[in-house]
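Okay, so here's the structure we're looking at.
Protein chains: 2
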Amino acid sequence: MEKIGCTIHRIRIEKGLTQKEVYGKIVSRSFASRFEKGANDIGASKLFLILDNLAISADELRYIQQNYQPSPLEQALLTVMKAYAAQNFPAISQWIQEHSHSPHAYDKLVSSYASILLLAYDHSSIGITTTTRPIYLHLQQAKMWTIQELKLVNILVPIVATTKGLSALHPLTERMVANCLHYQTKWGDPFNVLNNLVEFYGTLLQTYLNFHDYQAARQLKSKITALNSHNLNWDGRLAQQFWIGIWELYFGDWTLGNELLDEVTALEKRHKPRIDNTLFAIRKLRTQAAKTYRQ
Amino acid sequence: MEKIGCTIHRIRIEKGLTQKEVYGKIVSRSFASRFEKGANDIGASKLFLILDNLAISADELRYIQQNYQPSPLEQALLTVMKAYAAQNFPAISQWIQEHSHSPHAYDKLVSSYASILLLAYDHSSIGITTTTRPIYLHLQQAKMWTIQELKLVNILVPIVATTKGLSALHPLTERMVANCLHYQTKWGDPFNVLNNLVEFYGTLLQTYLNFHDYQAARQLKSKITALNSHNLNWDGRLAQQFWIGIWELYFGDWTLGNELLDEVTALEKRHKPRIDNTLFAIRKLRTQAAKTYRQ
DNA sequence: ATGTAGACTTCGGTCGACC
DNA sequence: AGGTCGACCGAAGTCTACA
Numbered sequence: 001m002e003k004i005g006c007t008i009h010r011i012r013i014e015k016g017l018t019q020k021e022v023y024g025k026i027v028s029r030s031f032a033s034r035f036e037k038g039a040n041d042i043g044a045s046k047l048f049l050i051l052d053n054l055a056i057s058a059d060e061l062r063y064i065q066q067n068y069q070p071s072p073l074e075q076a077l078l079t080v081m082k083a084y085a086a087q088n089f090p091a092i093s094q095w096i097q098e099h100s101h102s103p104h105a106y107d108k109l110v111s112s113y114a115s116i117l118l119l120a121y122d123h124s125s126i127g128i129t130t131t132t133r134p135i136y137l138h139l140q141q142a143k144m145w146t147i148q149e150l151k152l153v154n155i156l157v158p159i160v161a162t163t164k165g166l167s168a169l170h171p172l173t174e175r176m177v178a179n180c181l182h183y184q185t186k187w188g189d190p191f192n193v194l195n196n197l198v199e200f201y202g203t204l205l206q207t208y209l210n211f212h213d214y215q216a217a218r219q220l221k222s223k224i225t226a227l228n229s230h231n232l233n234w235d236g237r238l239a240q241q242f243w244i245g246i247w248e249l250y251f252g253d254w255t256l257g258n259e260l261l262d263e264v265t266a267l268e269k270r271h272k273p274r275i276d277n278t279l280f281a282i283r284k285l286r287t288q289a290a291k292t293y294r295q
Numbered sequence: 001m002e003k004i005g006c007t008i009h010r011i012r013i014e015k016g017l018t019q020k021e022v023y024g025k026i027v028s029r030s031f032a033s034r035f036e037k038g039a040n041d042i043g044a045s046k047l048f049l050i051l052d053n054l055a056i057s058a059d060e061l062r063y064i065q066q067n068y069q070p071s072p073l074e075q076a077l078l079t080v081m082k083a084y085a086a087q088n089f090p091a092i093s094q095w096i097q098e099h100s101h102s103p104h105a106y107d108k109l110v111s112s113y114a115s116i117l118l119l120a121y122d123h124s125s126i127g128i129t130t131t132t133r134p135i136y137l138h139l140q141q142a143k144m145w146t147i148q149e150l151k152l153v154n155i156l157v158p159i160v161a162t163t164k165g166l167s168a169l170h171p172l173t174e175r176m177v178a179n180c181l182h183y184q185t186k187w188g189d190p191f192n193v194l195n196n197l198v199e200f201y202g203t204l205l206q207t208y209l210n211f212h213d214y215q216a217a218r219q220l221k222s223k224i225t226a227l228n229s230h231n232l233n234w235d236g237r238l239a240q241q242f243w244i245g246i247w248e249l250y251f252g253d254w255t256l257g258n259e260l261l262d263e264v265t266a267l268e269k270r271h272k273p274r275i276d277n278t279l280f281a282i283r284k285l286r287t288q289a290a291k292t293y294r295q
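One line per chain: the protein sequences are A and B, in this order.
Position 291 of the first sequence, counting from 1, maps to 291 under the UniProt record's numbering, and the rest follow consecutively.
Position 11 of the second sequence, counting from 1, maps to 11 under the UniProt record's numbering, and the rest follow consecutively.
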């Protein structure tokens with residue numbers, strides 16, 4: 001693996017910056033030279049200051065340093081998430097098997113995450129196992145969630161509803177909202193956590209409908225529309241529009257609902273294979289169910 | 001500012017992980033303890049390994065450590081970008097003024113970026129100044145671009161076309177493509193640089209049309225469609241659809257073009273105030289120009 | 001499983017000078 | 001502007017042991 005200093009050297013040269021500009025008053029001139037040669041490591045807090053001067057993020061530095069590859073953790077997560085998106089559950093099982101005795105600590109974490117994905121897929125047959133229990137409990141108990149938790153919590157919703165009842169969803173929702181708020185700045189939503197919140201509301205809506213708690217479902221619209229669309233990207237805005245569309249089918253203007261949904265599915269239809277096939281399945285299912293409900 | 005170790009301690013506790021799990025064979029047990037107390041800094045490469053075990057990115061760690069705020073560099077960039085998005089050019093000028101004698105090295109970089117934004121707005125009156133020349137030259141000479149450059153290069157297109165002629169756009173395009181390729185992994189596009197590439201092609205299309213180089217413009221469609229939409233997010237896919245729509249107005253199926261554009265603008269119309277007002281302006285302008293061209 | 005403390009070593013980091 | 005060398009210091013980091 002290339003030393004951090006060498007990577008920084010390359011970037012600095014390409015950017016046409018001098019050592020003085022980049023290292024300023026952070027480290028001495030002679031150390032800067034030895035550091036860029038790869039002879040020394042550097043203190044983390046100093047590195048962060050240097051990265052600011054280089055106008056590069058810590059994540060990108062790592063990515064470049066590792067020969068333009070995501071971190072091992074990212075790689076593991078992306079592999080699992082990709083299998084999940086493709087509904088390839090055997091591949092997830094296999095991944096867990098292969099990494100069950102990994103020397104890397106983060107593989108245990110990813111295994112937990114992967115187990116939850118399997119759990120979400122078919123919690124009746126798999127149930128909460130010893131692998132999934134720690135992270136299942138953690139997600140319920142921890143006050144502070146990081147991006148990883150925010151990404152995962154929405155697949156936990158149906159599981160919580162089944163095992164602890166619908167009432168357990170209220171505190172979960174509150175924590176989700178509170179934690180997403182932590183990641184809002186006056187410049188917007190740098191980590192795009194609001195997209196996860198939209199998806200969370202979507203899963204919540206589906207769950208309430210599945211359990212026939214129509215009153216709770218009805219109250220969700222105001223929460224979904226309350227999200228300022230200017231702080232979302234188009235991924236979030238389309239999800240927002242989709243779930244409002246579904247809501248309208250049940251509780252609002254049937255025509256408007258179909259308009260909203262048409263606009264979203266029209267975009268999907270432009271892409272082969274589909275970006276997200278589940279949208280069509282959900283719409284079909286909900287259209288039928290909404291008709292029944294309205295009678 | 002809270003010490004890095006203290007932040008990591010909080011995150012570790014919240015995640016319910018033991019020191020052994022997180023620090024493994026990276027540092028000794030006793031050092032881990034002192035580090036989390038904030039008594040010591042830590043080597044950068046060791047920190048990265050620890051972050052993997054914590055399942056958190058370096059960027060997020062920094063964000064949390066700084067009390068849930070982006071890095072100073074990010075803050076500066078976001079401020080300028082926001083002003084640009086709002087077409088608030090006086091605010092950008094003012095920002096450059098206020099930070100022209102900043103002690104922070106990165107403020108010079110952001111000033112360069114901001115100057116280019118102004119340049120892109122009205123290069124006839126402002127011209128290439130001493131502030132903008134370094135970065136203007138840099139973007140043309142550097143082989144390696146980081147995310148920052150990839151974000152900025154598309155606003156440079158019209159400037160390059162005016163000052164160096166349309167032929168200069170070919171090598172620029174090649175470098176743009178090559179650099180975006182660096183950021184593609186087998187798991188997709190982790191930094192979403194392909195969105196920048198779509199926007200680049202859009203600017204390119206506009207520029208060719210403005211300069212009446214219809215042959216070059218006609219060849220752009222294959223490049224835009226060549227981008228696999230599955231590696232884009234919806235921001236990118238919508239931009240892709242929009243620019244293909246514009247292309248169709250000139251060189252392809254007029255009806256199809258309007259269909260594509262209608263789908264995109266229909267989404268825009270759902271949001272007040274508009275997410276991106278320029279879409280409507282561009283469409284209006286191009287519809288007229290395309291009619292003329294077709295005659 | 002973690003905090004503390006002392007003794008100890010390594011290496012991150014400075015300074016000055018020379019090229 | 002930046003690479004290098006030697007001398008030097010303090011902080012990073014280990015080990016052992018006790019709590």
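The beta carbon of each residue, even a glycine, is placed where N, CA and C say it ideally should be.
Within 8 angstroms (strictly less), CB to CB, does residue i reach chain B?
i       : result
F191(A) : yes
V22(A)  : yes
K223(A) : no
W234(A) : yes
Q75(A)  : yes
G43(A)  : yes
E14(A)  : yes
K82(A)  : yes
F48(A)  : yes
S115(A) : no
Y293(A) : no
H101(A) : no
DSSP has residue i in a bridge; who is on the other side?
i       : result
G16(A)  : Partner(s): none; G16(A) has no beta bridge.
G188(B) : T185(B)
G43(B)  : G43(A)
I'd like the span of the alpha helix (DSSP H) that includes residue i, first residue to last.
i       : result
M176(A) : L169 to H182
Y201(B) : V193 to N210
N258(B) : W254 to K269
T292(A) : T278 to R294
P90(B)  : F89 to E98
R62(B)  : A58 to Q65
Y214(A) : Y214 to R218
Would you mind sorting residue i into buried or exposed? The rule is 16 or more other CB atoms within 10 Å of its CB.
i       : result
G165(A) : exposed
L139(B) : buried
Y201(A) : buried
H99(B)  : buried
T173(A) : buried
S222(A) : exposed
N67(B)  : exposed
A85(A)  : exposed
P70(A)  : buried
K143(B) : exposed
L137(B) : exposed
Y214(A) : exposed
Taking 8 angstroms as the threshold (beta carbon to beta carbon), is residue i in contact with chain A?
i       : result
W243(B) : no
P90(B)  : no
N277(B) : no
W247(B) : no
D253(B) : no
H230(B) : yes
L194(B) : no
I11(B)  : yes
K164(B) : no
G257(B) : no
P134(B) : yes
Q148(B) : yes
K37(B)  : no
Can you round the beta-carbon distance between residue i and residue j to whole angstroms, since I take them to be within the 8 angstroms contact cut?
i       : j       : result
I155(B) : I92(B)  : That belief does not hold up - the Cβ atoms of I155(B) and I92(B) are roughly 12 angstroms apart, past 8 angstroms.
I96(B)  : I50(B)  : 39 angstroms between Cβ atoms; not a contact.
E263(A) : Q288(A) : That pair is no contact at about 21 angstroms.
K25(B)  : L54(B)  : Between L54(B) and K25(B) the Cβ distance is about 15 angstroms, and since that is not below 8 angstroms, they are no contact.
A39(B)  : Q19(B)  : Incorrect: roughly 15 angstroms between the Cβ atoms, too far for contact.
D59(A)  : D59(B)  : 5 angstroms
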